[in-house]
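> Below are the structure tokens for one structure; questions will follow.
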Amino acid sequence: MGQGSGWFEEARFGMFIHWTHIANRGFELSWPLVGGVGVLPFSSEVTVDDYYMKALEFHPAKDAPREWMRLAREAGMRYAVLTTKHHDGFALWPSKYGDFNISRTSYDGDLVAEYVDAARAEGLEVGFYYSLSDWHHPDYPAFREEDKPYLKFLGRRSETWDRYLDVLFGQVRELLTNYGEISVMWFDGQWERSRDEWKAGDLAQMIRDLQPGILINDRLPGGDYKTPEQAIPAEVPDGVWETCMTMNTSWGFVPTDDRYKSSRELVHTLCETAGKGGNLLLNVSPRADGSLPAEQVSRLQDLARWMSEHGDAIHGTEPGLEPWQFYGPSTRNGNTINLFCVMRPYEGVVVRGVPIKRVRCELPFRTRATAEQELGNPDPIGEVFIEVPDVDELATVVQLEIV
Ligand code: GLC
């Protein structure tokens, strides 16, 4: 399993899982309780009491993560990140810190342990999402009805903040002590407090002492990689990055949210992300029993079919050609350039600015260069026209080799 970020940049594709007690209400995670938020159209407001009403009735089927992790591996995903605790404060493992976790329910088990075992059984690297903010813990302080609107809550401070830090450090320590080697610690909720209030430096130090090979995302100030959310950034971020994205518009299981991206759009998003040198962390939203909605399973299966044929154009690749050289995203591994046809080719595709005597392709192709470039030049740079007779309904991939 991974040391450093090498495995992460090779992976290119992972599964995000947003799952907690609120699936039994069919609400988005956490945001409804603070009044909703515009970027999550299905996070409409409920009262705090209503939000938590059935939390302790959470009782999924045993070993639900096995199905997610199998589908993830088949879809060519190399790692997973599970919401061990979202902003609403409910921990999926029987934590000794705080009293709002799975051990308070009638469920006899540890959902984090089940997930870790399932991910390892499929050969996936294990990641934990953990919200720094906690809208349930009294020392944070807990969010109350009178704290609405949410912006007002941002200014509230508790006199027992140090006690909350004990919970935060204690829970992170549990997660990184009790489950073997963990590859990713994925923080969130950092915007509510400053780097100093989080004791971000001390927290990162503790994490790296416990798990020397771990990657920490940038939502803990000073983390290792950037995490744009819900879109591919227009400008390629510096350094290592991953964009996380929902299949519909919600992170959690919201049965009324039918605004799904098509399988094709998801494949194209993966191609664009890899073509820019980033990872895609694609979200799934299990129901309360742990099963995945049919719309999500079918998309994962479509991705699996496509990745089984074209995964080598995604995994372990670097960004390929410049935008002027090919009208679409592309990646490279060694001498091979992978061209993703995210627009349907008419007769074929053109690649520009390549050494035309040295290109090889399994498809029929012809080359051209200007007379000036050709004349007396043993290694002219020019254009390649590649015939593309058949298209893949999700995204055709053309591989070009430069010898
Ligand atoms: C966000 C949200 C959240 C979601 C997440 C995923 O900022 O607060 O609900 O879990 O980050 O990136």
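In our numbering, the protein residues as written are 10 to 412. Built from N, CA and C at the ideal position, the CB exists for glycine as well.
Spatial neighbours of Leu-65 within its chain, please: C-beta separation below 7 Å, excluding the five flanking residues on both sides.
Position 56 of the sequence shown, counted from the start, is the residue given in the question as residue 65. For Leu-65, where only same-chain residues beyond five positions count, the Cβ hits under 7 Å are Arg-113 and Thr-114.
> Please state the DSSP three-state secondary structure of Arg-153.
The residue labelled residue 153 in the question sits at position 144 within the sequence shown. If DSSP states are grouped into helix, strand and coil, Arg-153 belongs with coil.
> Classify Glu-410: buried if its beta carbon has 16 or more other beta carbons within 10 angstroms, exposed otherwise.
The residue labelled residue 410 in the question sits at position 401 within the sequence shown. Glu-410 is exposed by the Cβ-count criterion.
> Counting only runs that start and end within the region 127–173, where is the beta strand (DSSP E) found for 3 or more residues in a row?
Those beta strand (DSSP E) runs which fall completely within the region 127–173 and span 3+ residues are 134–140.
> Provide the residue span of the alpha helix (DSSP H) that contains Pro-74, from first to last.
Mapped onto the sequence shown, residue 74 falls at position 65. It spans 74–83 - the alpha helix (DSSP H) in which Pro-74 sits, taken as one unbroken run.
> What residues match up with Ala-100 in a beta bridge as DSSP calls it?
To locate residue 100, count along the sequence shown from 1; it is residue 91. In DSSP, Ala-100 forms a bridge with Lys-94 and Asn-110.
> Taking the beta strand (DSSP E) that Arg-375 belongs to, which residues open and close that run?
Indexing the sequence shown from 1 puts residue 375 at position 366. That run of the beta strand (DSSP E) goes 374–377.
> Please classify Thr-282 as buried or exposed, where buried requires at least 16 other C-beta atoms within 10 Å of its C-beta.
Position 273 of the sequence shown holds residue 282. By the 10 Å Cβ count, Thr-282 comes out buried.
> Per DSSP, what are the beta-bridge partners of Asn-288 in this structure?
If you number the sequence shown from 1, residue 288 lands on position 279. Glu-251, per the DSSP bridge assignment.
> Within 10 Å of its beta-carbon, does Gln-220 have 16 or more other beta-carbons around it, so buried, or fewer, so exposed?
Against the sequence shown, residue 220 aligns to sequence position 211. So Gln-220 ends up on the buried side.
> By Cβ distance, which residues of its chain are closer than 7 Å to Ser-52, with the 5 residues on each side in sequence left out?
Working through the sequence shown from its first residue, we reach residue 52 at position 43. Result list for Ser-52: Glu-37, Trp-40, Pro-41, Gly-45 and Val-46, in chain order.
> Inspect the beta-carbon positions of Trp-77 and Ile-31 and report whether they are closer than 8 Å.
One-based indexing of the sequence shown puts residue 77 at position 68. One-based indexing of the sequence shown puts residue 31 at position 22. Cβ atoms of Trp-77 and Ile-31: not closer than 8 Å.
> Exposed or buried, which one is Trp-170 when buried takes at least 16 other CB atoms within 10 Å?
Position 161 of the sequence shown, counting from 1, holds the residue named residue 170. Flag for Trp-170 reads exposed.
> Leaving out five residues before and five after Glu-201 in sequence, what residues of the same chain have Cβ atoms less than 8 Å from its Cβ?
Within the sequence shown, numbered from 1, the residue matching residue 201 stands at position 192. So the qualifying residues of the chain are Leu-141, Ser-142 and Leu-163.
> Please determine, among Gly-385, His-324 and Leu-403, the residue with the shortest C-alpha to C-alpha distance to Arg-314.
Numbered from its first residue, the sequence shown carries residue 314 at position 305. The candidate whose alpha carbon is nearest that of Arg-314 is Leu-403.
> Suppose contacts are defined by Cβ-Cβ distances below 8 Å. Is Cys-350 in contact with Thr-405 by that definition?
Residue mapping note: residue 350 aligns to position 341 of the sequence shown, counting from 1. Residue mapping note: residue 405 aligns to position 396 of the sequence shown, counting from 1. Result yes, Cβ atoms of Cys-350 and Thr-405 sit closer than 8 Å.
> Return the residue from the list Pro-387, Pro-389 and Asp-321 that minimises the CA-CA distance to Gln-408.
Locating residue 408 in the sequence shown gives position 399, counting from the first residue. Here the closest residue by C-alpha is Asp-321.
> When the Cα of Val-293 is compared with those of Asp-175, Glu-18 and Leu-91, which residue comes out closest?
Residue 293 sits at position 284 when you count from the first residue of the sequence shown. The shortest C-alpha separation from Val-293 is found at Leu-91.
> Here's a check: name, in chain order, each residue in its chain whose Cβ is nearer than 6 Å to the Cβ of Tyr-116, leaving out the five neighbours to either side.
As a first step, residue 116 must be located in the sequence shown, where it is residue number 107. His-68.
> For the alpha helix (DSSP H) holding Ile-216, just list the boundary residues, first then last.
What you label residue 216 is simply residue 207 of the sequence shown in a count that begins at 1. Run containing Ile-216: 209–219, per the alpha helix (DSSP H) assignment.
> Just verifying my parser: in three-state terms, what is the DSSP assignment at Lys-71?
For the purposes of this step, residue 71 is taken as the residue at position 62 of the sequence shown. Correct three-state label for Lys-71: coil.
> Indicate whether Glu-134 and Tyr-188 have their beta-carbon atoms separated by less than 8 Å.
Taking the sequence shown and counting its residues from 1, one reaches residue 134 at position 125. Taking the sequence shown and counting its residues from 1, one reaches residue 188 at position 179. For Glu-134 and Tyr-188, no; Cβs fall outside 8 Å.
> Enumerate, from N- to C-terminal direction, the unbroken beta strand (DSSP E) stretches of 3 or more residues contained entirely within the region 344–371.
For the region 344–371, whole beta strand (DSSP E) runs of length 3 or above, ordered along the chain, are 345–350, 357–364 and 368–370.
> Would you mind working out which of Pro-354, Arg-172 and Val-412 sits nearest Val-397, comparing C-alpha positions?
Locating residue 397 in the sequence shown gives position 388, where the first residue counts as 1. Nearest C-alpha to Val-397: Pro-354.
> In the structure shown, what three-state DSSP assignment does Trp-28 receive?
Residue numbering aside, residue 28 sits at position 19 when the sequence shown is read from its first letter. Trp-28 falls in the coil class under three-state DSSP.
> Do Val-368 and Thr-376 have their C-beta atoms within less than 8 Å of each other?
Position 359 of the sequence shown holds residue 368. Position 367 of the sequence shown holds residue 376. Against a cut-off of 8 Å, the Cβ pair of Thr-376 and Val-368 comes out as a contact.
> Closer than 6 Å by C-beta to Met-10: which residues in its own chain qualify, once you throw out the five before and the five after it? Chain order, please.
What you label residue 10 is simply residue 1 of the sequence shown in a count that begins at 1. The predicted model places Met-10 with a pLDDT of 37, which falls under 50 and marks its position as unreliable; any figure quoted below should be read in that light. Same-chain partners within the cutoff: Glu-190.
> Leaving out five residues before and five after Gln-180 in sequence, what residues of the same chain have Cβ atoms less than 6 Å from its Cβ?
Here residue 180 refers to the residue found at position 171 of the sequence shown. Result list for Gln-180: Ser-104 and Tyr-106, in chain order.
> Give the straight-line distance between the Cα atoms of Glu-356 and Val-276, rounded to the nearest whole angstrom.
Counting from one through the sequence shown, the residue named residue 356 turns up at place 347. Counting from one through the sequence shown, the residue named residue 276 turns up at place 267. Distance between the alpha carbons of Glu-356 and Val-276 is about 22 Å.
> Closer than 7 Å: is that where the CB of Glu-274 sits relative to any heavy atom of the ligand GLC?
Position 265 of the sequence shown holds residue 274. Flag unset: Cβ of Glu-274 not near the ligand GLC.
> Please list, in chain order, all residues of the same chain as Ala-297 whose beta carbon is under 6 Å from its beta carbon, the five residues on each side excluded.
Position 288 of the sequence shown holds residue 297. Ala-32 and Asn-33.
> Which residues in the same chain have their Cβ closer than 6 Å to the Cβ of Asp-233, if we skip the five residues on either side of it in sequence?
For the purposes of this step, residue 233 is identified with residue 224 of the sequence shown, where counting begins at 1. The residues are Leu-224 and Ile-225.
> May I have the straight-line CA-CA distance separating Glu-131 from Glu-123, to the nearest angstrom?
Against the sequence shown, residue 131 aligns to sequence position 122. Against the sequence shown, residue 123 aligns to sequence position 114. If I take the Cα positions, the gap works out to 13 Å.
> Look at Tyr-138 and Tyr-173 and say whether their C-beta atoms are less than 8 Å apart.
The residue given as residue 138 occupies position 129 in the sequence shown. The residue given as residue 173 occupies position 164 in the sequence shown. It is not a contact, given that the beta carbons lie outside the stated cut-off.
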